[in-house]
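In our numbering, the protein residues as written are 4 to 352. Here a beta-carbon is modelled for each residue, glycine too, at the ideal position from N, C-alpha and C. Down below is the structure, laid out as C-alpha cells.
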Ligand SMILES: Cc1cc2nc3c(=O)[nH]c(=O)nc-3n(C[C@H](O)[C@H](O)[C@H](O)COP(=O)(O)O)c2cc1C
C-alpha cells in the first residue's frame, strides 16, 4: 500500500541512520574575512527563484503527502513557508490520483499563503510500467490541486531498483518529459543521487525550466529501503540497499555539472545555513532542504519555524563573515575544496 510505504519512509527517515557515509559540503572551506565592512542588518538575501522573487534562496523540498501524518507535516511546513516567504514542494502526488479522498493531505498547504507551490510526480509514473501510467488529466489534476507554480518530476530510479515494489522501466521517459514540459513549467529533480552533465544537458534539451540536483551526501534512499527490506525479511533488497547506500554524484559536484544554462537548485545533505551558503557559492540559485526539516515539521508549526529561522540566520552569518552584502557578492567569496569532492570536480576537465 502506497500510504503505508509513505508512513514507513517518514518513520525510518526520522529514527534510523539514513545518511550517506560522507557529506560533501564539508569538503568546501570558505575563506573568513575578519574585516567584513558591512552591516549585518543590511544584508540582502532576496533573490529570483526561476521566475519568482523570493525573500531567501531556500526551498522546502518535496517530502510527503497521502497520510494523516503527512497532512500535519505539510501543514506545518506551509506555515513556515508563509512566515519566511519560501517556495515549498509537496511529496509525490501519486496517492492523490489513486485515491482522490487523500487529496487534502496535499491541498492542506493552501490554508497558508505559500508564495511558490511545487507539485510532484515520479518520472517512473509518467511511463508505462505494465500498469496504468499518469495521464495528461492526472497531471492537470495534481497541478491544480495545490494551485501549483511548478511541477517537479523526480528521478528516483535507484530507489525503484532497491525497493520491493519498484518500477523497472525507464524507456521513453525523455519523450514523455518533453511532452509534459511543453505544457507545464517542469523542474527535474533527483532524490539523493545527483545528475551528471550528460543528464543535465538532456533535461535542458527536453525543455525543463530548472534542475534540482538532489545529490549524494544526505538522505540515502538505498538506506531507507534497506531498513524496510530488513523489516520485511527481504534479503535480496537488503543487499541492494547496502551495496548502493553511497552511490551517486556528490551534491556540490552535481551543482557544477548541471550548469547548462538553466537555473539549478542545490540539494542533498543541506543541514544548515553554511551548507546553503556553499550551495550558492557553487552556482545554485537556491538550496533545497528535506530531511533536516522533517523532525521539526512533525513536531509543531513553532518547532519547524524555529529550525528554519536558525538556518536562515546561519546563512546570513556566513554572508557577513565572508564580506558578502548580497547574493552577487556571495558568489565572489573565496574558498577551496578538499578531497574527496576535489576529484569529482575534475571529471569533466
Ligand atoms: C521522508 C522523505 C520522503 C521523500 N519523498 C519525496 C517525494 O515524494 N518526492 C521527491 O521528489 N523527493 C522526495 N524525497 C527526497 C527529498 O526531496 C530530497 O531530494 C532528498 O531527501 C535529499 O535531500 P536531504 O539530504 O536534504 O534529505 C523525500 C525525502 C524524505 C526524507
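Under 6 Å from any heavy atom of ligand 1, does the C-beta of residue i make it?
| i | result |
| --- | --- |
| residue 294 | yes |
| residue 275 | no |
| residue 66 | yes |
| residue 13 | yes |
| residue 95 | yes |
| residue 328 | no |
| residue 69 | no |
| residue 251 | no |
| residue 377 | With the chain represented from 4 up to 352, any question about residue 377 goes unanswered, as that position is not in the structure. |
| residue 192 | yes |
| residue 123 | yes |
So what's residue i in DSSP terms, helix, strand or just coil?
| i | result |
| --- | --- |
| residue 314 | helix |
| residue 49 | coil |
| residue 351 | coil |
| residue 25 | coil |
| residue 227 | helix |
| residue 63 | strand |
| residue 274 | coil |
| residue 83 | helix |
| residue 302 | helix |
| residue 247 | coil |
| residue 293 | coil |
| residue 427 | A query on residue 427 cannot be resolved here, the shown segment of the chain reaching from 4 to 352 and no further. |
What do you get for residue i, buried or exposed, if any count of 16 or more other CB atoms within 10 angstroms of its CB means buried?
| i | result |
| --- | --- |
| residue 56 | exposed |
| residue 37 | exposed |
| residue 240 | buried |
| residue 138 | exposed |
| residue 288 | buried |
Is the separation between the beta-carbon of residue i and that of residue j shorter than 7 Å?
| i | j | result |
| --- | --- | --- |
| residue 65 | residue 94 | yes |
| residue 28 | residue 298 | no |
| residue 89 | residue 61 | yes |
| residue 73 | residue 67 | yes |
| residue 31 | residue 267 | no |
| residue 109 | residue 142 | no |
| residue 123 | residue 96 | yes |
| residue 155 | residue 213 | no |
Identify which residue in the options has its Cα closest to the Cα of residue i.
| i | options | result |
| --- | --- | --- |
| residue 22 | 59, 225, 307 and 326 | 225 |
| residue 152 | 138, 129 and 189 | 189 |
| residue 19 | 228, 88, 124 and 207 | 228 |
| residue 216 | 292, 176, 54 and 231 | 292 |
| residue 76 | 32, 326, 319 and 300 | 300 |
| residue 371 | 348, 14, 82 and 11 | There is no way to answer for residue 371, as the model of the chain reaches only from 4 to 352. |
| residue 290 | 269, 169 and 343 | 269 |
Is residue i close to chain B? Criterion is C-beta to C-beta, closer than 7 Å.
| i | result |
| --- | --- |
| residue 11 | Note that chain B does not occur in the displayed structure, where there is just one protein chain. |
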